[in-house]
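Chains as they are written, first to last, in the working numbering: chain A, 78 to 416; chain B, 78 to 416. No residue lacks a Cβ here, since even glycine has one placed at the ideal position from N, Cα and C.
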């Protein structure tokens, strides 16, 4: 961390004047600098041939530091993953902070460092940004907006309209880890466990799937807010088909399962930040699964269900004991501010 | 406004579940819908040939409604203008809300309507977005991030590196209006005046300048936070040259001047949202001025100064009576949260 003559963020850091310049020079520009950012214009200028994907997210997670990551790498990975779900490799990103007066500079620096590392790992450049400061009590330490641009794989034909009955639904790994990590922290629970957020970029494994199976991949989605059940409901609604899920195939870790049980939450509705669902043609489902299992974070990947022409618009869970229950779209808030 | 069974924003609206869907369907999608937004993916996919400009801003202005506009059209115009300053015509925009629990739905609806109108006027499409909700006391009613993409004029060669001694500095209209409107509101002052924010899009007039004078236009910048003086300091520093300003040429309205005097503020440091500075070659300066004065909001446009090889890095104001004073980059916060 650079030697600065202030320990916390003050209103002057958002003025657009000298203090803003000192703040940006000390951190953002030194850590994230590149040919675009260094020009310090009102925006950045570049070219991006082919199909472009754009995605935006504002991150308001509380607490801002958690096992497995912090709001900084979460903000980068979150937008990288939204681009990946469009079948794109991330290229450029904008980065916008809303800081609360009084934010500790060490924390801000740690978050910036995580952003730098996450960007380097995902091979994405921060090319433009913004910093605002609000008075104490008008924000919550730090909110981050990331908006990303990526280049879509030429063979990608992704979307609800490509989904058809018979398609298989794959999950890339165990679910409910991110949400339960945050929830446990917030409840002050000390689990004797290794539970930590699964925040990580997913673009490379998605790219590999598209490279090898191109048009057999019909849909990608990362089950963040609302969890696996909400994404499956979206699929059922948008594709106007049914979703049938096999409970015994669902890869749920003991740690996450235990935390859910203790807090009375259904893991299928808990947020994730490092897994995705793929809807693929039945013919290629096993081959896709094999590819996923060869990925370092995909050892527990599974085919968890199927698209049906029955019960269009609904998601039905087939229990291990043969029972069936509906997984509705929830209207109540299970876990506020998990991203 | 649609008939909804809730009057205010609740935490459930940020859950990613049913309530989020109801909120989005009721407003965002019905008002802003287009072929990209209607697909409701994690991102939007499109093509954009040529040079692309990208710019981002988070808007945290307080109060959120003010004479001349609100946080909604401000957020659209602000990003449209940052693109315009890059020499671009706006095309696509992402829109991300951070709402505070308890926000009045009527206010949210009014803001959405303003966003829709501002987008229509600027011919920009909202193609992807995000909505988060934070607890009461952890935000301030509404923060908005807009990130825009535009197509850069093929002839645009803009940047500090193109500025050279002898170039003239033009201003497109009277300054200090936006900042003084907000400040007066916040201080509860009732001026017997027509003072209102100058928030408006600037892309068309910038485009016309580039169409007609192409490479004679060296630099555009809108003097938002920090005002005219801060932008001129940026120019002096980045171009490593001096800036000499003629006080008698500065187009300051009586209303704004009066408010500044009453509050003891220097209008040159007060924020604007609807004017820009252009640095142009001396040969074309008068012709550019003529074009500007033909624009409906440019009647008071003026050539306010010149780039010099003397005093590089500094901005010097030549007073109407022959005195000279330095305009430094301020380190204190004159007007917090004016955008």
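Check your understanding: DSSP on residue 234/A, reduced to helix/strand/coil?
Key -> Locating residue 234/A in the first chain gives position 157, counting from the first residue. If DSSP states are grouped into helix, strand and coil, residue 234/A belongs with coil.
Check your understanding: Any residues in the region 184-215 of chain A with a beta carbon nearer than 8 Å to a beta carbon of chain B? Which ones, in chain order?
Key -> 204, 205, 206, 207, 209, 210, 211, 212, 214, 215
Exercise for review: State the CB to CB distance for the pair residue 229/A and residue 127/A, rounded to an integer number of angstroms; the pair is presumed to be in contact (CB under 8 Å).
Suggested key: For this step, residue 229/A is matched to residue 152 along the first chain. For this step, residue 127/A is matched to residue 50 along the first chain. So it is a contact: roughly 7 Å between Cβ atoms.
Point to revise | Residue of 412/B, 415/B, 406/B minimising C-alpha distance to residue 94/A | key: Numbered from its first residue, the first chain carries residue 94/A at position 17. When only C-alpha atoms are compared, the closest one is 406/B.
**Study point:** As assigned by DSSP and simplified to three states, the class of residue 415/B
**Key:** Residue mapping note: residue 415/B aligns to position 338 of the second chain, counting from 1. The answer is coil: DSSP assigns residue 415/B none of H, G, I, E or B.
Check your understanding: For residue 318/A, which option in 281/A, 247/A, 392/A, 288/A has the closest C-alpha, if you only look at C-alpha atoms?
Key -> In the first chain, the residue the question calls residue 318/A occupies position 241. Nearest option by C-alpha distance: 392/A.
Check your understanding: Rounded to whole angstroms, how far is the Cβ of residue 350/B from the Cβ of residue 187/B, which I believe are closer than 8 Å?
Key -> As a first step, residue 350/B must be located in the second chain, where it is residue number 273. As a first step, residue 187/B must be located in the second chain, where it is residue number 110. So it is not a contact: roughly 18 Å between Cβ atoms.
Point to revise | Proximal chain B residues relative to residue 130/A, where beta-carbon distance stays under 8 Å | key: Within the first chain, the letter at position 53 stands for residue 130/A. Neighbours of residue 130/A on chain B, chain order: 120, 121, 122.
Check your understanding: Counting pairs of Cβ atoms below 8 Å between the region 111-127 of chain A and the region 239-259 of chain A, do you hit three or more?
Key -> no
Check your understanding: Once you ignore the five residues that flank residue 395/B on each side, which residues in its own chain have a CB closer than 7 Å to its CB?
Key -> As a position in the second chain, residue 395/B is number 318, starting the count at 1. Same-chain partners within the cutoff: 321, 322, 323, 324, 401.
Review point. Can a CB atom of chain A be found closer than 8 Å to the CB of residue 151/B?
Key: Position 74 of the second chain, counted from the first residue, corresponds to residue 151/B. It does not: the Cβ of residue 151/B has no partner Cβ on chain A nearer than 8 Å.
Point to revise | Proximal residues to residue 45/B (C-beta, below 7 Å), its chain only, five neighbours per side dropped | key: Lying outside 78 to 416, the shown extent of chain B, residue 45/B is not represented and no answer is given.
Practice item. Give a yes or no on whether 8 Å exceeds the smallest Cβ distance from residue 337/A to chain B. Key: Your numbering for residue 337/A matches position 260 in the first chain. By this cut-off, residue 337/A is not an interface position.
Check your understanding: What does a CB cutoff of less than 8 Å around residue 404/A pick up in its chain, not counting 5 residues either side in sequence?
Key -> Counting from one through the first chain, the residue named residue 404/A turns up at place 327. Cβ neighbours of residue 404/A beyond the five flanking positions: 306, 309, 310, 322, 345, 392, 393, 394.
Exercise for review: Mind listing, in chain order, the continuous beta strand (DSSP E) runs of no fewer than 3 residues lying wholly within the region 93-130 of chain A?
Suggested key: 121-123
Check your understanding: Anyone know if the C-beta pair for residue 134/B and residue 133/A falls short of 8 Å?
Key -> Your numbering for residue 134/B matches position 57 in the second chain. Your numbering for residue 133/A matches position 56 in the first chain. Cβ atoms of residue 134/B and residue 133/A: not closer than 8 Å.
**Study point:** residue 167/B - partner residues in DSSP beta bridges
**Key:** Working through the second chain from its first residue, we reach residue 167/B at position 90. In the DSSP output, where bridge partners are listed per residue, residue 167/B has 227/B.
Practice item. Select from the region 258-289 of chain A all residues with a C-beta closer than 8 Å to any C-beta belonging to chain B, and list them in chain order. Key: none
Point to revise | 8 Å Cβ cutoff, residue 116/B in contact with chain A | key: Translated into the one-based positions of the second chain, residue 116/B becomes position 39. Chain A, which has a Cβ nearer than 8 Å to the Cβ of residue 116/B, makes this yes.
Practice item. Compare the beta carbon distance of residue 110/A and residue 168/A with 8 Å and say whether it is the shorter of the two. Key: Taking the first chain and counting its residues from 1, one reaches residue 110/A at position 33. Taking the first chain and counting its residues from 1, one reaches residue 168/A at position 91. Contact flag unset, no.
Check your understanding: Which word fits residue 78/A, buried or exposed, when buried means at least 16 other C-beta atoms lie within 10 angstroms of its C-beta?
Key -> Within the first chain, numbered from 1, the residue matching residue 78/A stands at position 1. Residue 78/A comes out exposed.
Point to revise | Beta-carbon gap between residue 178/A and residue 210/A smaller than 8 Å | key: Here residue 178/A refers to the residue found at position 101 of the first chain. Here residue 210/A refers to the residue found at position 133 of the first chain. A contact, by the Cβ cut-off of 8 Å.
Check your understanding: Quick one: which chain A residues come within Cβ less than 8 Å of residue 105/B?
Key -> Residue numbering aside, residue 105/B sits at position 28 when the second chain is read from its first letter. Result: empty, since nearest Cβ-Cβ is about 13 Å, beyond 8 Å.
Practice item. Compute the beta-carbon to beta-carbon distance between residue 145/A and residue 116/B, rounded to the nearest angstrom, for a pair I have assumed lies under 8 Å. Key: In the first chain, counting from the first residue as 1, residue 145/A sits at position 68. In the second chain, counting from the first residue as 1, residue 116/B sits at position 39. About 32 Å; that fails the 8 Å criterion.
Exercise for review: Measure from the C-beta of residue 220/A to each C-beta in chain C and report whether the shortest distance is under 8 Å.
Suggested key: Of the chains in the structure shown, none is chain C; the protein chains are A and B.
Exercise for review: Determine whether the Cβ of residue 182/A lies closer than 8 Å to any Cβ atom of chain B.
Suggested key: Residue 182/A sits at position 105 when you count from the first residue of the first chain. Cβ-Cβ to chain B under 8 Å: no for residue 182/A.
Review point. Touching or not, the region 358-370 of chain A and the region 254-273 of chain A, by the rule of three or more beta carbon pairs under 8 Å?
Key: no
**Study point:** According to DSSP, residues forming a beta bridge with residue 323/B
**Key:** Indexing the second chain from 1 puts residue 323/B at position 246. 395/B.
Practice item. Indicate whether at least one CB of chain A lies closer than 8 Å to the CB of residue 79/B. Key: Position 2 of the second chain holds residue 79/B. Residue 79/B does not count as touching chain A.
Review point. Where do the ends of the beta strand (DSSP E) carrying residue 137/B lie?
Key: Walking along the second chain from the start, residue 137/B turns up at place 60. No beta strand (DSSP E) contains residue 137/B, which DSSP labels as neither H nor E.
Review point. Taking Cβ to Cβ, would you say residue 191/A is nearer than 8 Å to residue 159/A?
Key: Stepping through the first chain from its first residue, residue 191/A is reached at position 114. Stepping through the first chain from its first residue, residue 159/A is reached at position 82. Not in contact: residue 191/A and residue 159/A (Cβ atoms no closer than 8 Å).
Review point. Beta strand (DSSP E) containing residue 356/B: first to last residue?
Key: Working through the second chain from its first residue, we reach residue 356/B at position 279. Looking at the DSSP string, the run of the beta strand (DSSP E) that includes residue 356/B is 354-357.
Review point. Would residue 160/A count as contacting chain B if we go by Cβ distances under 8 Å?
Key: In the first chain, the residue the question calls residue 160/A occupies position 83. Cβ-Cβ to chain B under 8 Å: yes for residue 160/A.
Point to revise | Closer than 8 Å to chain A by CB, residue 163/B | key: By one-based count along the second chain, residue 163/B stands at place 86. It does; some Cβ of chain A falls within 8 Å.
Exercise for review: Go ahead and pull the three-state DSSP assignment for residue 295/B.
Suggested key: Within the second chain, numbered from 1, the residue matching residue 295/B stands at position 218. Three-state result, residue 295/B: strand.
Practice item. Check residue 253/B in the structure and name its three-state DSSP category. Key: Here residue 253/B corresponds to residue number 176 of the second chain, with the count starting at 1. Of the three classes helix, strand and coil, the one that applies to residue 253/B here is coil, per DSSP.
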